[in-house]
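In this note's numbering, the protein residues as written are 204 to 362. From the three backbone atoms N, C-alpha and C, an ideal C-beta is built for every residue, glycine too. Predicted model, so just to flag it, every value in this text is computed and none were measured.
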Amino acid sequence: MKNNSDISFKIIHSLEELIAAYNVRFTVFCEEQNIPYYIETDENELNRIHILGMQGNEPIATGRMCVINGWLKFERIAVRKAWRSRRIGSKLVNYMVNTGKDMGIFKYKLHAQVSNKEFYKRLGFKTKGKIFIEAGIEHILMIRKDDTSEYLENKRSGK
């Protein structure tokens, strides 16, 4: 069994880290879910903030995000199969939320695969709108709005 200690998340700053993130995405989305490679990458790759989750030297999770009309949109969230059901996805999303808060953004949205809707609900997201098809898979818009006062108070008090 793999050890959950020594897991870290970071904003990607190098081509090597970006390639590691792509490897996680391609494994999860292209190999497991049969999404074509040409759909998995798009024209937005270079203007997104990419996150990489590592266990030691092993890339295990990734996501990307961008600011759109005052919302931080989460995209391409993926965890390698061997690391699922071990709270890695929750830790990744929380890291992304906290990164947004550090940027002064407290509203988050994503297009969740319907099969992952309950996972995001447990993290405080709510469904909005109707189910739609993206890359041949059912998705639904999910949003979360956080209170700024608690975060700002913790920042002021050094927590």
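> In whole angstroms, what is the alpha-carbon distance linking residue 341 and residue 353?
Replying inline: In the sequence shown, counting from the first residue as 1, residue 341 sits at position 138. In the sequence shown, counting from the first residue as 1, residue 353 sits at position 150. Rounded to whole angstroms, residue 341 to residue 353 spans 35 angstroms at the Cα level.
> Roughly how many angstroms lie between the CA atoms of residue 297 and residue 287, to the nearest whole one?
Replying inline: Taking the sequence shown and counting its residues from 1, one reaches residue 297 at position 94. Taking the sequence shown and counting its residues from 1, one reaches residue 287 at position 84. Their Cα atoms are separated by approximately 16 angstroms.
> Does the region 260 to 277 come within contact of the region 305 to 314, defined as at least 3 CB pairs closer than 8 angstroms?
Replying inline: yes
> Considering only residues of the same chain and omitting the five flanking positions on each side of residue 282, which have a CB-CB separation below 6 angstroms?
Replying inline: Taking the sequence shown and counting its residues from 1, one reaches residue 282 at position 79. So the list reads 264, 291, 292, once near-sequence residues are dropped.
> Closest to residue 325 by CA distance: which of 237, 294, 234, 232 is it?
Replying inline: Counting from 1 along the sequence shown, the entry for residue 325 is found at position 122. It is 294.
> Is DSSP giving residue 341 helix, strand or coil here?
Replying inline: Your numbering for residue 341 matches position 138 in the sequence shown. Reduced to three states, the DSSP call for residue 341 is strand.
> What does DSSP give as the partner residues of residue 316 in its beta bridges?
Replying inline: For this step, residue 316 is matched to residue 113 along the sequence shown. DSSP, once it has assigned bridges, lists 342 as partnering residue 316.
> Would you say residue 242 and residue 315 are within 8 angstroms of each other, going by their C-beta atoms?
Replying inline: The count along the sequence shown starts at 1 and reaches residue 242 at position 39. The count along the sequence shown starts at 1 and reaches residue 315 at position 112. Their beta carbons are not under 8 angstroms apart, which means residue 242 does not touch residue 315 by this criterion.
> Looking at residue 346 and residue 312, is the spacing between their C-beta atoms short of 8 angstroms?
Replying inline: Translated into the one-based positions of the sequence shown, residue 312 becomes position 109. Translated into the one-based positions of the sequence shown, residue 346 becomes position 143. Yes; because the gap between Cβ atoms is below 8 angstroms, this pair is in contact.
>> Mapping the DSSP letters down to three states, classify residue 359 as helix, strand or coil.
In response: Position 156 of the sequence shown, counted from the first residue, corresponds to residue 359. The answer is helix: DSSP assigns residue 359 an H, G or I state.
>> Tell me the DSSP secondary structure of residue 212 in three-state form.
In response: In the sequence shown, the residue the question calls residue 212 occupies position 9. Taken through DSSP and simplified to helix, strand or coil, residue 212 comes out as strand.
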